[in-house]
Amino acid sequence: MKNKQIYISIFFSVTILFFSCRQNENKQADFIPDSLIKATEGIAIGKAKFGISEKEFNQLYPDSLVDLDGNLYNVSTYFDSSKALNKVYLIDTATIDNTKFGEALFDRMDLLKQHFMKTYGVPQYDRGYPKQDKMQNGKAFDAYMWKVGKKKIFVGIALEETDRGNIYYVVAHVDRK
Numbered sequence: 002m003k004n005k006q007i008y009i010s011i012f013f014s015v016t017i018l019f020f021s022c023r024q025n026e027n028k029q030a031d032f033i034p035d036s037l038i039k040a041t042e043g044i045a046i047g048k049a050k051f052g053i054s055e056k057e058f059n060q061l062y063p064d065s066l067v068d069l070d071g072n073l074y075n076v077s078t079y080f081d082s083s084k085a086l087n088k089v090y091l092i093d094t095a096t097i098d099n100t101k102f103g104e105a106l107f108d109r110m111d112l113l114k115q116h117f118m119k120t121y122g123v124p125q126y127d128r129g130y131p132k133q134d135k136m137q138n139g140k141a142f143d144a145y146m147w148k149v150g151k152k153k154i155f156v157g158i159a160l161e162e163t164d165r166g167n168i169y170y171v172v173a174h175v176d177r178k
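This note's numbering numbers the first residue of the sequence shown as 2 and each following residue consecutively.
Written as structure tokens, this is what we have:
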């Protein structure tokens, strides 16, 4: 009887230890080190930092294109009331006239997700792929999100309804709170 109690105690101890270790693994997957936050939270995209003027941004990206891992993205910006860069939008040039909703579109979205994962790890927010019937005209479905200090990065798919049919874009936006 005493041996049975010892085995039960050992079993529960090992079980508790196992699950507590698993929780730490999950927390670390969502954790971005302070040093990475400090080094990158001021960067909007590439060489462009939040707070720069429109003139400075246009000198960095005169053709409004940015190359991320060999993929070209159109860049659009938002400047706040003090005329400082506050938000950057990216549109995958390979999806500019895309009318098909499916694997090829999701593969393009995954390329952009992988770009950000190289620096920030797994997204803190993962909604997965959108359903076509849930897409709304003029709105983006934010599939993935990273919080990096005061910066948030979203990657997803946007829908634009046109006379020629629906167009689906792979998009991202990088904002500073």
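Cβ atoms here follow ideal geometry from the backbone N, Cα and C, with glycine treated the same way. From a predicted model like this one, the values you see are computed outputs, not experimental measurements.
* contact_flag[the segment 80-88, the segment 117-135] where n(CB pairs < 8 Å) is 3 or more -> no
According to DSSP, V149 sits in a beta bridge with which residue or residues?
For V149, which the question treats as bridged, DSSP gives the partners K152.
| said: Using only the alpha-carbon positions, how far apart do D35 and A141 sit? | reply: 30 Å
Notebook entry, point to check: Leaving out the 5 sequence neighbours to the left and right, which residues in its chain are closer than 6 Å to N150 when beta-carbon positions are compared?
Noted result: Note that residue 150 is Gly in the sequence shown, not Asn. Closer than 6 Å at the Cβ level, and outside the excluded window around G150, lie I38 and E42.
**Asked** Using the beta-carbon count (16 or more within 10 Å), is T96 buried or exposed?
**Response** Counting of Cβ neighbours within 10 angstroms places T96 among the buried residues, the total reaching 16 or more.
Burial state of Y170 (16 or more Cβ within 10 Å):
buried
Kindly identify the DSSP beta-bridge partner or partners of I97.
-> DSSP, once it has assigned bridges, lists no residue as partnering I97.
Notebook entry, point to check: Taking the DSSP output, what are the residues bridged to L91?
Noted result: V76 and A173
Which listed residue (D176, V156 and I53) has its alpha carbon closest to that of D111
V156
- Output the boundary residues of the beta strand (DSSP E) element that contains I46. Counting along the chain, the beta strand (DSSP E) containing I46 begins and ends at I44 to I46.
- Query: Where does D164 sit, in a helix, a strand or coil, going by DSSP?
  - Reply: coil
Exercise. Shortest alpha-carbon distance to G122 belongs to which of N99, A105 and K148?
Worked result: K148
Is the Cβ-Cβ distance between T94 and Y74 less than 8 Å? A Cβ-Cβ contact shorter than 8 Å links T94 with Y74.
By the DSSP assignment, the alpha helix (DSSP H) with D81 in it spans what residues? Looking at the DSSP string, D81 is not in any alpha helix (DSSP H), and its letter there is neither H nor E.
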